[in-house]
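Notes follow the structure.
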Ligand SMILES: Cc1cc2nc3c(=O)[nH]c(=O)nc-3n(C[C@H](O)[C@H](O)[C@H](O)COP(=O)(O)O)c2cc1C
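Residue numbers (this note's numbering): 57 to 550.
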């Protein structure tokens with residue numbers, strides 16, 4: 057039985073817990089002040105007179121629905137999600153992970169950009185913008201970014217890892233502490249493969265520009281290939297070892313985009329600034345604990361090798377400086393790996409089934425997100441920084457968002473799971489200065505549950521918010537549960 061952490065009605069209730077836990081979670085109380093901070097437009101200056109105006113300080117994070125067509129084109133549920141996000145009121149819409157090559161898809165229903173899917177992506181974007189314009193009169197200050205990815209270790213076709221990882225090779229997913237390790241080492245992506253991949257990312261960026269996206273994001277987070285490269289200290293050759301080598305792929309991609317695609321595409325990165333270590337779950341009490349790790353620990357980005365449970369932002373901060381010099385104007389800060397330490401990236405009330413209970417008070421995880429983002433923003437005041445980790449705060453997320461904006465600790469407040477549950481969160485925040493507590497995400501991990509269910513005729517269940525979007529996902533959830541029960545029964549049959 058999960059512990060009930062979020063018990064707050066008012067900002068003061070939360071303040072008391074934050075004080076008790078010794079963490080800093082600033083909150084604005086006054087509704088008018090909340091509205092004012094969240095409504096503040098964000099101007100991003102590009103080169104050669106190019107600029108982008110994001111009409112308010114709210115963003116929807118990239119949120120995969122695992123609902124594309126087998127050939128990578130958006131499906132019906134994909135369109136539904138972006139119509140809802142478009143009509144929701146956040147002025148920065150960060151489109152979900154989209155693979156640049158088929159072999160880099162995380163599942164057979166992940167978006168995949170190529171010549172055959174470009175027209176459908178163009179329609180998706182146009183429909184999203186129209187939905188926005190219908191509600192808000194214009195789409196001139198709505199900015200759209202497409203996240204480009206290669207899923208690396210988590211590609212469904214077969215793993216392409218950046219280097220041999222002593223823990224993740226044996227246990228790429230959180231499972232029982234005493235589970236049998238995998239003993240076939242995964243395929244380490246060759247130098248030639250990575251060099252070719254640079255060009256695939258550039259080609260995807262070219263297509264994204266043709267489709268009409270304002271910008272592209274290189275997904276360097278959550279344990280996927282470009283995030284794993286950042287910790288490839290033990291990899292020999294051009295893409296491993298020194299930070300310069302580990303940064304090579306991203307910096308080459310941005311240089312080539314500017315040379316070949318143009319300087320008028322908004323360049324963005326979603327960066328995992330702290331990988332943490334893999335966790336395992338104890339069968340006895342469902343608690344989570346770090347798997348035993350070697351010391352020094354050379355296998356995580358943003359971690360202190362002498363004590364990887366501790367963060368060390370020296371490399372991430374240096375890398376962000378290089379990204380900025382390479383033309384990156386927008387940075388979305390994330391952390392952790394959802395497959396092996398989900399509490400770090402997305403603090404939750406209740407874990408996905410079979411996973412571990414939160415090993416820390418979720419408010420500690422939220423405060424970690426805020427602290428790190430503030431440090432990045434302080435170091436790079438003219439970088440547009442999007443913050444993460446707000447959904448666990450439920451209706452109080454806008455109080456925290458307004459406070460972080462007021463204190464200059466972030467440029468845009470990003471909402472992930474909260475936007476699936478309550479796509480019009482931004483409109484309510486901006487017009488009323490408050491959210492409906494009966495509609496906010498309760499971080500019960502049903503979206504993650506669906507994402508992990510593969511026993512579907514297309515090899516993947518779509519995901520969304522079953523508790524708050526019954527029309528979209530009530531039936532999907534029933535079918536996923538049924539399929540999981542059948543699978544369990546089949547595995548018991550001798
Ligand atoms: C169902 C689901 C899909 C996600 N898809 C993506 C994605 O495509 N790209 C990405 O960078 N993060 C993805 N994330 C992570 C979220 O963008 C976000 O970082 C995380 O949920 C924490 O923010 P929140 O507390 O507002 O939910 C996903 C998370 C979930 C639960």
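Virtual Cβ for every residue (Gly too), placed ideally from N, Cα, C.
- Taking the C-beta atoms as reference points, residue 320 is found nearer than 7 Å to residue 106.
- For residue 391, the shortest separation between its Cβ and any heavy atom of ligand 1 does not lie below 6 Å.
- Under the 10 Å beta carbon count, residue 117 is surrounded by 16 or more other beta carbons and is classified as buried.
- Checking the 6 Å criterion, the Cβ of residue 117 is within range of a heavy atom belonging to ligand 1.
- Its chain contains 283, 326, 327, 328, 390 as the residues whose beta carbon lies nearer than 7 Å to that of residue 277, once the 5 sequence neighbours on both sides are disregarded; these appear in chain order.
- Counting only the Cα atoms, residue 235 lies some 44 Å from residue 459.
- Cβ atoms of residue 365 and residue 333 come within 8 Å of each other, at about 7 Å.
- By the CB criterion at 7 Å, residue 433 and residue 465 fall inside the cutoff.
- Contact annotation: the region 424–433 touches the region 441–451, with at least three C-beta pairs closer than 8 Å.
- Distances between the C-beta of residue 446 and the heavy atoms of ligand 1 include at least one below 6 Å.
- DSSP, reduced to helix, strand and coil, places residue 61 outside both helices and strands of the structure shown, so it counts as coil.
- DSSP places residue 155 in no alpha helix (DSSP H) but in the uninterrupted beta strand (DSSP E) bounded by 148–155.
- Rounded to the nearest whole angstrom, the CA to CA distance from residue 370 to residue 241 is 31 Å.
- Taking C-beta atoms as the reference points, residue 166 and residue 159 fail to come closer than 7 Å.
- Straight across, the Cα-Cα distance linking residue 461 with residue 208 is about 35 Å.
- Secondary structure within the region 174–256: the alpha helix (DSSP H) runs of 4 or more consecutive residues, fully enclosed, are 174–192 (chain order).
- If you draw a straight line from the Cα of residue 307 to the Cα of residue 279, it is about 19 Å long.
- DSSP places residue 393 outside both helix and strand once states are collapsed to three, so it counts as coil.
- The region 243–253 and the region 80–100 do not touch, with fewer than 3 CB-CB distances between them shorter than 8 Å.
- Around residue 77, the same chain offers 417, 419, 420 as residues with beta carbons nearer than 7 Å, after the five sequence neighbours per side are excluded.
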